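Everything below concerns the one structure shown next.
Next comes the structure, spelled out in structure tokens:
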């Protein structure tokens, strides 16, 4: 299934995409694509519904972030061998973990804000995992079963804040709008082999990232298991798993985002996003 949230920001309604690519409303079945609605039992119940019996949503409404009320937004750094090489970094012996503020979560096609004082705003197309079950101290088999699905994430960064302003990466990763997720959550059964999905990102029509999840060092089930050794994971938590090469920081010379730039990005089987960069007010 492809689950989504549509409508004005803060007033999103749950829906799913039918076989013809049309939005069907799920409001009579659940209040949101969030929390316990992502449990295996609830997803199985939704899967039993004939989409043609659900109300058709007319027009082309705004799509919100594909998961609501996210509890934790966790990211993995330097998790692609070819991206580590472009940044002259060594692949870490264990996953690098950092957090993005949940206030960074954003709709897949909404404008993104260049923060005040930003000089090195960068892009990163990433595969994101959405958790469907509470787990702690899980092995990889249990971890894999706890994954509700996957989505596209643009892990936007302000490199000067991240690298030059001291401390952890969080301050360069958590600016408002720096975490577009969606357009939909693709359930694990439909996503296919997520260890071999093509992923790409363009700025103003020029392709910068053209990679594949096959170069991911630490795979989804391992990452979920690994994280569960340090913190419990709850339904609706989002884990963004790293980016392939081609980020702005890795260009020669570096190329960073400016007001007016437009990013198009996507992952095979998971959908596409488009964002325009606007100035902070």
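In this note's numbering, the protein residues as written are 399 to 679.
Ideal placement from N, C-alpha and C gives every residue a C-beta, glycine not left out.
Only a predicted model underlies this, so the values are computations on that prediction, with no experimental measurement involved.
Since residue 535 is in the beta strand (DSSP E), which residue starts that stretch and which ends it? Per DSSP, residue 535 belongs to no beta strand (DSSP E) and is neither H nor E.
Specify, as a first and last residue, the run of the alpha helix (DSSP H) that residue 588 falls within. 586 to 589
Separation of residue 646 from residue 435, as counted between CA atoms: As the crow flies, the alpha-carbon of residue 435 is around 37 Å from that of residue 646.
Considering only DSSP beta bridges, list what residue 664 is partnered with. Its beta-bridge partners are 598 and 670.
Through-space distance from residue 448 to residue 516, alpha-carbon basis: 48 Å
Between the stretch 469 to 483 and the stretch 602 to 617, do three or more beta carbon pairs fall short of 8 Å? yes
Taking residue 438 as part of the beta strand (DSSP E), name the residues at either end of that continuous run. Careful: residue 438 lies outside any beta strand (DSSP E), inside the alpha helix (DSSP H) at 438 to 445.
If distances are taken between C-alpha atoms only, which option among 657, 662 and 664 comes closest to residue 676? 657
Buried or exposed for residue 635, going by 16 or more other Cβ atoms inside 10 Å? buried
Segments of 3+ residues assigned as beta strand (DSSP E) that fall wholly inside the stretch 434 to 511: DSSP assignment within the stretch 434 to 511 yields the following whole beta strand (DSSP E) runs of 3 residues or more, N-terminal first: 471 to 475 and 494 to 497.
Exposed or buried, what is residue 629 when buried is set at 16 or more other beta-carbons lying within 10 Å of its beta-carbon? exposed
Leaving out the 5 sequence neighbours to the left and right, which residues in its chain are closer than 6 Å to residue 500 when beta-carbon positions are compared? 468 and 471
In or out: residue 450 buried (at least 16 other Cβ within 10 Å) or exposed? exposed
Where does the unbroken alpha helix (DSSP H) through residue 618 begin, and where does it stop? 618 to 626
Same chain, Cβ closer than 7 Å to residue 611, neighbours up to 5 away in sequence not counted: 525, 592, 593, 594, 595 and 597, listed in sequence order.
In chain order, what residues of the same chain have a beta carbon less than 7 Å from the beta carbon of residue 538, not counting five sequence neighbours either side? 619, 620 and 623
Considering Cα atoms alone, identify which of 562, 600 and 553 is closest to residue 580. 553
Among 573, 415, 607 and 487, which has the Cα closest to the Cα of residue 452? 415
What three-state label does DSSP hand residue 542 in the structure shown? helix
Give the DSSP-derived three-state secondary structure of residue 431 in the structure shown. coil
What span of residues does the beta strand (DSSP E) with residue 570 cover, start to end? That residue, residue 570, is in no beta strand (DSSP E); its alpha helix (DSSP H) goes 568 to 571.
By the 10 Å Cβ neighbour count, where 16 or more other Cβ atoms means buried, how is residue 506 classified, buried or exposed? buried
Under 8 Å by Cβ, that's how I've got residue 431 and residue 412 pegged, so tell me the actual separation to the nearest angstrom. 5 Å
DSSP state of residue 648 mapped onto helix, strand, coil: In this structure, DSSP gives residue 648 a helical state, which the three-state scheme calls helix.
On the criterion of 16 or more Cβ atoms from any shown chain inside 10 Å, does residue 565 qualify as buried, or is it exposed? exposed
Let me know the secondary structure DSSP gives residue 531 once reduced to three states. coil
Going by DSSP, what residues sit across from residue 604 in a beta bridge? Looking at the DSSP output, residue 604 shares a beta bridge with 601.
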